[in-house]
Every structure is written in C-alpha cells, then in structure tokens.
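These notes are about the structure you will find just below.
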Amino acid sequence: MTTLVGTTEQYGQVVSNFCSTPGMSITQAQQTIPGLSSIQLYAVCVQESGLAEELQQVVDRRG
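Structure (structure tokens):
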C-alpha cells in the first residue's frame, strides 16, 4: 500500500537510511529510495520522531 509517505518498505528504508544518524543526503536518499520527494523524506522523519503526534495533542487540548 502506498501512502503519503510511501510504501511500508520505503518508510522503513527512509527511517534506517535517512532519518537515523549518520544519515545520508537528500540526493543519496532519493537515489537509494526512488519515488519519494524531499518533503516525503522529511515527513517520514517527523512522523517517526513523534512530533506530529505531539502537535496533534497540543491542538486537541486547545480545541
């Protein structure tokens, strides 16, 4: 299944190769994991970090 952040396989590859230290450049990541834009690569990292969930909780509390 393909989502906004790619397939399950792509997601795992991004986390292990791009989001985790030492990581790789955007260009390297796009060559290694074709089909994802730079925004999608960063979106995976934001999702994986838990930041998106924390922001949603803040919005819900203010809501």
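Residues are numbered in the numbering used here as their position in the sequence shown, beginning at 1, plus a constant of 695. Here a beta-carbon is modelled for each residue, glycine too, at the ideal position from N, C-alpha and C.
If you look at Gly707, you'll find it in the alpha helix (DSSP H) that goes 703–709. Only buried fits Ala724, as 16 or more other CB atoms lie within 10 angstroms of its CB. With fewer than 16 neighbouring CB atoms inside 10 Å of its own CB, Gln752 falls in the exposed class. By the neighbour-count criterion, in which a residue is buried when 16 or more other Cβ atoms sit within 10 angstroms of its Cβ, Leu731 is buried. Taken through DSSP and simplified to helix, strand or coil, Thr722 comes out as helix.
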